[in-house]
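Protein chains in written order, with my numbering: chain X, 397 to 663; chain H, 5 to 264. We put the CB at the ideal spot given by N, CA and C, even for glycine. Everything numeric in this text was worked out from a predicted model, so none of it was measured. Since the structure comes first, as structure tokens, the remarks are kept for the end.
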Amino acid sequence: MAKKMSFTKEDEEFFGTMGSFGIPKFDAAMRGGVPRGFTIVAFTETGSGSDLFAKQFVSPAEEPENTLYIATDEGQQDIVRIFQKYKWPLDIKVRTIGEEYNNTVLEKQLLASRYRLEGFQLGDIQRLAQTRFVQETTQDFLTEVTNEIMALGPYFRAVIDNMDFFLQREDQSRVISMMRMLQAHAQMVRGLLFICVSSEGLDKSVKQELSSISDMTLSFRVRTIGSDFETSMIVSKFRNAPENLKMLVFRVTPEEGITPETVERIA
Amino acid sequence: MQSPSTYQRDRCVTGIHGLDEILRGGIPYGSTVLAAGTCGSGKTTLGMEFLVRGALAGEACAHFTATEPSVKLLENIRQYQFFDMNMVDSGLINVFDMDVLYSWLGLDKATFDLDDVHALIKAIVDIVNTIGVTRLVIDSVTTLCYKIKSDQLIRDFLFTLGKKLATLGCTTILISEITSATENAHWSSFGVEEAIADGIIVMGDNERMGHLLRFLQVVKMRGTSHSRAKHAIELTPIGVMLTPMLKWGAQIDSTSRWGQ
């Protein structure tokens with residue numbers, strides 16, 4: 397039997413039925429923002445601005461302690477620098493999986509390479525002779541991330557930027573199962589979940605699965621026009637609101653971050 | 005200069021009751037000896053006592069355990085009066101857990117390739133060289149070699165390891181698990197260990213009137229003359245005791261030389 401959630405009247409009034417994308421012009425283009433409980437999957441191209449969009453998505457941070465940003469490629473310092481630059485709140489929860497992976501798995505591999513190349517020193521041998529158990533360094537980041545998001549309460553806001561880290565290291569069906577759990581959790585507690593996946597090299601069937609799980613599907617693109625780059629996003633799925641499907645060209649401004657262009661282009 | 009007839013190689017006196025008599029003074033220094041035995045035949049105890057006797061004589065000793073975790077090995081061996089945990093704590097006997105060593109070397113995979121085998125040899129030789137180990141036990145070489153898939157690689161591993169340890173003057177006991185110690189049995193699991201080892205000690209059980217009697221027999225030992233008779237082995241609290249097996253009860257001895 398499905399677990400029932402109850403929401404306080406105050407919460408319902410405070411959060412409303414729609415949340416902000418963190419980009420007022422995009423909220424307007426989507427007729428008020430993103431419905432609470434939505435899972436958004438963004439298929440991205442390198443340099444298309446999706447990293448910034450992901451950060452901007454958590455910037456409304458209605459409840460900072462219930463707002464989580466998970467980065468797999470960037471370090472804490474890079475993220476803090478961007479948040480400071482745009483004056484977005486710094487009190488949200490941030491987890492940098494890439495850094496953690498480097499600190500545990502890669503550090504161990506580096507040490508193993510040193511032992512293999514240079515051999516053991518006396519101190520190493522003494523420590524080895526006193527070590528009775530293998531230190532468990534195999535960390536299941538996928539389960540940890542899933543549990544961390546599942547532990548967020550009603551009206552949470554979370555971002556995973558991006559899923560490539562997991563798709564490259566884990567069984568893809570396991571990653572899809574995790575996504576289904578997270579989508580169900582977001583729906584149940586009226587949370588907002590934004591997930592980035594690189595479209596380059598993504599398996600067609602995985603892309604299909606991810607699209608079907610999501611409530612809203614975005615595609616971030618970048619192309620060159622003359623000597624300029626043009627970044628755009630395509631809303632190709634918006635559950636129960638097909639009128640929101642559109643293509644938006646956007647630019648990045650120092651004041652507002654990602655900003656959809658309001659001028660209609662003539663082809 | 006000594007004449008060839010009187011020349012004797014220096015010996016590593018095992019200190020195990022009865023074994024040095026069988027070997028006419030001990031194992032020739034730097035030898036690699038395969039101690040092949042069935043389960044429960046006393047291989048681990050023999051190996052550990054070999055190290056304890058060396059440690060008591062002031063030698064640096066090392067034990068690599070692959071069959072059971074080092075914690076369990078030490079707990080089991082503590083019941084023997086000859087063993088003193090202080091020898092481990094003070095670094096006279098260095099007990100290395102192979103799983104830990106694999107982990108440190110990044111050998112977390114199911115099978116080892118040539119590079120992995122060489123890394124393992126280098127690590128063991130490094131340890132022996134750095135702390136001046138003169139007595140080494142690997143328990144068991146069978147478990148270790150299970151990770152090496154090709155016979156050629158196993159041969160290469162054992163031959164290179166044995167050669168390097170001999171150069172360093174380290175006397176090594178490679179414990180090998182076998183399922184049968186009968187006449188037709190191999191004394192190694194992979195069939196290559198016995199060809200490479202300088203010595204082979206076989207350990208097994210003889211059934212006598214419903215009892216399993218442990219026995220030990222030195223089949224081969226390069227560099228020394230030795231008895232090839234079967235000896236009864238008793239694991240007593242004060243250590244391993246070897247006594248010649250009585251012949252009078254063995255009516256089928258001529259057809260079942262290895263105990264069956």
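On a Cα-Cα basis, can you pick out the residue from the options that is closest to residue i?
| i | options | result |
| --- | --- | --- |
| A40/H | D112/H, S94/H, A127/H, V141/H | V141/H |
| I436/X | E459/X, V648/X, P656/X, G415/X | G415/X |
| N636/X | D624/X, T492/X, S628/X, T613/X | T613/X |
| G136/H | E238/H, G58/H, L38/H | G58/H |
| F411/X | C592/X, L644/X, A457/X | A457/X |
| L548/X | K451/X, A580/X, N499/X, T492/X | A580/X |
| T542/X | F516/X, Q526/X, S573/X, D567/X | S573/X |
| Q85/H | A170/H, D209/H, D160/H, M52/H | M52/H |
| K126/H | K167/H, S184/H, M89/H | K167/H |
| D120/H | D160/H, T247/H, G19/H | D160/H |
| E596/X | V430/X, R432/X, S444/X, P431/X | S444/X |
| I630/X | R617/X, P638/X, I621/X, E639/X | R617/X |
| G95/H | E63/H, Y106/H, C16/H, I237/H | E63/H |
| M546/X | F516/X, E652/X, M575/X, E639/X | M575/X |
| Y651/X | I466/X, G418/X, R510/X | Tyr is not the amino acid found at residue 651/X; the sequence shown has Glu there. Nearest C-alpha to E651/X: G418/X. |
Throw me the rounded Cβ distance for the residue i and residue j pair, which I believe falls under 8 angstroms.
| i | j | result |
| --- | --- | --- |
| V244/H | G46/H | 6 angstroms |
| L55/H | I26/H | In fact, because the Cβ distance is near 19 angstroms, the residues do not count as touching under 8 angstroms. |
| I205/H | L217/H | Actually they are not in contact, since the Cβ atoms of I205/H and L217/H sit about 17 angstroms apart, beyond 8 angstroms. |
| V530/X | V75/H | That belief does not hold up - the Cβ atoms of V530/X and V75/H are roughly 12 angstroms apart, past 8 angstroms. |
| S623/X | L644/X | S623/X to L644/X, Cβ: 22 angstroms. No contact. |
| P73/H | T228/H | Rounded, the Cβ-Cβ distance is 35 angstroms, inconsistent with contact. |
| V571/X | L578/X | Not a contact, Cβ separation roughly 11 angstroms. |
| F422/X | K451/X | Actually they are not in contact, since the Cβ atoms of F422/X and K451/X sit about 14 angstroms apart, beyond 8 angstroms. |
| L109/H | R528/X | Incorrect: roughly 17 angstroms between the Cβ atoms, too far for contact. |
| L50/H | I20/H | 7 angstroms |
| S615/X | F439/X | 5 angstroms |
Just the C-alpha distance for residue i and residue j, rounded to the nearest angstrom, thanks.
| i | j | result |
| --- | --- | --- |
| T147/H | V223/H | 23 angstroms |
| G494/X | S193/H | 44 angstroms |
| C149/H | F100/H | 17 angstroms |
| I81/H | R523/X | 22 angstroms |
| S483/X | V555/X | For the record, residue 483/X in the displayed sequence is Lys; it is not Ser. Each residue's Cα considered, the two are about 18 angstroms apart. |
| T593/X | L538/X | Position check: residue 593/X holds Val in this sequence, whereas Thr was assumed. Each residue's Cα considered, the two are about 15 angstroms apart. |
| S180/H | E198/H | 10 angstroms |
| A70/H | T48/H | 11 angstroms |
| M426/X | L641/X | 9 angstroms |
| T492/X | E408/X | 31 angstroms |
| T442/X | N558/X | 12 angstroms |
| V490/X | L589/X | 14 angstroms |
| I200/H | T175/H | 14 angstroms |
| E461/X | S455/X | 13 angstroms |
| L448/X | E605/X | 25 angstroms |
| R647/X | S610/X | 25 angstroms |
| T164/H | S184/H | 28 angstroms |
| R13/H | R565/X | 57 angstroms |
| I713/X | E503/X | A question about residue 713/X goes unanswered here, because the residues of chain X that appear run from 397 up to 663. |
| F625/X | I654/X | 14 angstroms |
| Y551/X | L486/X | 19 angstroms |
| T171/H | I177/H | 15 angstroms |
What would DSSP say about residue i, mapped onto helix, strand or coil?
| i | result |
| --- | --- |
| F194/H | coil |
| D557/X | strand |
| E211/H | strand |
| H230/H | coil |
| Q472/X | helix |
| F100/H | strand |
| A508/X | helix |
| R477/X | helix |
| V648/X | strand |
| V501/X | helix |
| A59/H | helix |
| Q264/H | Caution is warranted here: a pLDDT of 39 is assigned to Q264/H, below 50, making its placement in the model unreliable, and the coordinate value is therefore given only provisionally. Coil, per DSSP. |
| T539/X | helix |
| D143/H | strand |
| S632/X | strand |
| E441/X | coil |
| A637/X | coil |
| C65/H | strand |
| G19/H | coil |
Worksheet entry | Residues within the region 123-136 of chain H neighbouring chain X, beta-carbon criterion of under 8 angstroms | A123, K126, A127, D130, I131, T134, I135
Fill in: Positions along the region 486-518 of chain X whose CB lies within less than 8 angstroms of some CB in chain H
K504, Q505, L507, A508, S509, Y511, R512, G515, F516, Q517, L518
Worksheet item: When you check each C-beta in the region 68-84 of chain H against every C-beta of chain X, which residues fall closer than 8 angstroms?
Response: P73, S74, V75
Fill in: Contact set between the region 86-101 of chain H and chain X, restricted to residues whose Cβ is under 8 angstroms from the partner
G95, N98, V99, F100, D101
Fill in: the region 556-571 of chain X: positions lying closer than 7 angstroms to chain H by Cβ
none
Worksheet item: For the region 422-447 of chain X, which residues have a beta carbon sitting closer than 8 angstroms to at least one beta carbon of chain H?
Response: none
Worksheet item: Relative to chain X, which residues along the region 39-51 of chain H have a C-beta separation below 7 angstroms, given in chain order?
Response: none
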